[in-house]
Amino acid sequence: MNTTDTLTITAPEGTQNIEMSREFDATREQLLAAHMDPELFAKWVGPRGYEMTITQFEPRHGGAYAFEHRNPEGNNFAFRGVFHGEPTVEGFNQTFEFLGAPGEIFFEQFWFEDLGNGRTLLRSRSTVSSVEIRDAMAKDMVSGVVEGYEKLDELLAAL
Amino acid sequence: MNDDQLDLVFGALADRTRRAILARLAETDANVGDLTALFTMSQPAISKHLKVLEQAGLISRNRQGTMRLSHLQAEPLKGATGWLVDYRTYWSESYDRLDELFASLNNKEQ
Numbered sequence: 679m680n681t682t683d684t685l686t687i688t689a690p691e692g693t694q695n696i697e698m699s700r701e702f703d704a705t706r707e708q709l710l711a712a713h714m715d716p717e718l719f720a721k722w723v724g725p726r727g728y729e730m731t732i733t734q735f736e737p738r739h740g741g742a743y744a745f746e747h748r749n750p751e752g753n754n755f756a757f758r759g760v761f762h763g764e765p766t767v768e769g770f771n772q773t774f775e776f777l778g779a780p781g782e783i784f785f786e787q788f789w790f791e792d793l794g795n796g797r798t799l800l801r802s803r804s805t806v807s808s809v810e811i812r813d814a815m816a817k818d819m820v821s822g823v824v825e826g827y828e829k830l831d832e833l834l835a836a837l
Numbered sequence: 077m078n079d080d081q082l083d084l085v086f087g088a089l090a091d092r093t094r095r096a097i098l099a100r101l102a103e104t105d106a107n108v109g110d111l112t113a114l115f116t117m118s119q120p121a122i123s124k125h126l127k128v129l130e131q132a133g134l135i136s137r138n139r140q141g142t143m144r145l146s147h148l149q150a151e152p153l154k155g156a157t158g159w160l161v162d163y164r165t166y167w168s169e170s171y172d173r174l175d176e177l178f179a180s181l182n183n184k185e186q
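Quick mapping for you: the protein sequence lines, in order, are chains A and B.
In case it helps, our numbering puts the first sequence at residues 679 to 837.
In case it helps, our numbering puts the second sequence at residues 77 to 186.
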């Protein structure tokens with residue numbers, strides 16, 4: 679697998695955004711299908727070992743989606759949102775809500791950029807409701823470890 | 077953890093000094109004087125940070141003799157960091173699986 683195929687997450691200063699980018703050895707059409715065909719979508723979204731159930735999937739402007747993951751311990755994680763604008767090979771927009779933190783609704787934009795040779799760059803931008811929540815998320819996502827947190831990590835691991 | 081609690085925890089963690097205070101309290105309990113000595117900050121400023129941490133449920137404060145000791149309560153942190161760390165893992169693992177899906181689709185076409 680190509681070494682550029684790693685997920686990059688950034689949290690640009692002074693914004694409420696979390697931005698991700700990832701290259702794929704696939705065309706824009708394939709990426710669109712992977713996001714819009716429920717059968718394909720169910721095959722890849724979610725961490726490994728999680729069972730995926732799609733309960734609603736209407737990939738068009740104003741259409742809603744809802745799905746649930748069940749982890750190996752049997753806990754359910756439910757997500758839902760609405761598509762905004764018609765999805766195309768250029769990308770699509772949606773809202774995203776994790777029902778474990780209901781009311782915290784992300785606005786997500788996805789772009790598919792043709793890199794040639796059958797490769798595509800996927801970029802996304804999630805906008806969250808406040809700078810505080812964005813910063814708190816970014817701390818862990820971007821740096822991986824917050825400075826001085828090693829002891830806390832050990833403590834958390836022992837809980 | 078409900079949404080309001082998450083907001084309080086995230087708000088408390090968004091500040092560098094408060095994260096440093098939590099890291100210090102992960103070692104041992106401390107009073108406001110101990111903590112003030114660690115930072116170039118006034119005692120009232122540190123007290124203000126402790127109040128925010130207490131409201132978020134991240135620390136408890138008990139009187140011991142004449143001293144008021146701050147004690148780390150890690151349970152809310154576990155809920156918050158669990159949710160945060162999952163976001164990265166979630167997409168990283170999903171996209172690795174998408175690679176595999178594309179690889180299998182491309183093989184079928186050939």
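Glycine included, C-beta positions come from ideal geometry on N, C-alpha and C.
Check, Outcome
"With 16 other CB atoms within 10 Å as the buried threshold, where does A:Val809 fall?", "exposed"
"Enumerate, from N- to C-terminal direction, the unbroken beta strand (DSSP E) stretches of 3 or more residues contained entirely within the segment 775-819 of chain A.", "783-794, 797-805"
"Under 8 Å by Cβ, that's how I've got A:Arg758 and A:Ala779 pegged, so tell me the actual separation to the nearest angstrom.", "Wrong, their Cβ atoms sit about 12 Å apart, outside the cutoff."
"Using a cut-off of 8 Å between C-beta atoms, extract the partners of A:Ala756 located in chain B.", "Neighbours of A:Ala756 on chain B: none; closest Cβ ~14 Å, over 8 Å."
"Can you find the residues in the same chain that come closer than 8 Å, C-beta to C-beta, to B:Arg95, ignoring five residues on each side of it along the sequence?", "Leu89"
"Taking A:Val723 as the query, report the chain B residues whose CB atoms sit under 7 Å from its CB, ordered along the chain.", "Ser170"
"Taking B:Thr165 as the query, report the chain A residues whose CB atoms sit under 7 Å from its CB, ordered along the chain.", "Pro725"
"Verify the CB distance criterion: does A:Met815 have a CB-CB separation below 8 Å to chain B?", "yes"
"Any heavy atom of the ligand ATP closer than 7 Å to the beta-carbon of B:Thr93?", "Among the ligands in the structure shown, none appear at all, so the ligand ATP cannot be discussed."
"For the alpha helix (DSSP H) holding A:Gly763, just list the boundary residues, first then last.", "Taken as a continuous stretch (DSSP letters only), A:Gly763 belongs to no alpha helix (DSSP H), being part of the beta strand (DSSP E) at 754-766."
"Taking the alpha-carbon positions, what's the B:Ser118 to A:Glu697 distance?", "37 Å"
"Distance cutoff 8 Å, beta carbons only. Does B:Arg173 sit that close to anything in chain A?", "yes"
"Have a look at A:Phe770, A:Pro725, A:Thr686 and flag the residue whose alpha-carbon is nearest the alpha-carbon of A:His762.", "A:Phe770"
"What residue range is occupied by the uninterrupted alpha helix (DSSP H) comprising A:Glu701?", "Segment 695-702 is the beta strand (DSSP E) holding A:Glu701; no alpha helix (DSSP H) there."
"Could you name the residues of chain A that B:Gly87 contacts, counting a contact when the two beta carbons are closer than 7 Å?", "Glu810"
"Starting from B:Ala90, find everything on chain A with Cβ-Cβ shorter than 7 Å and list it in chain order.", "Glu810, Asp813, Ala814"
"Could you name the residues of the segment 700-713 of chain A whose beta carbon sits closer than 7 Å to any beta carbon of chain B, in the order they occur along the chain?", "Arg700, Phe702, Asp703, Ala704, Gln708, Ala712"
"How long is the line joining the alpha carbons of A:Pro737 and B:Leu177, rounded to whole angstroms?", "20 Å"
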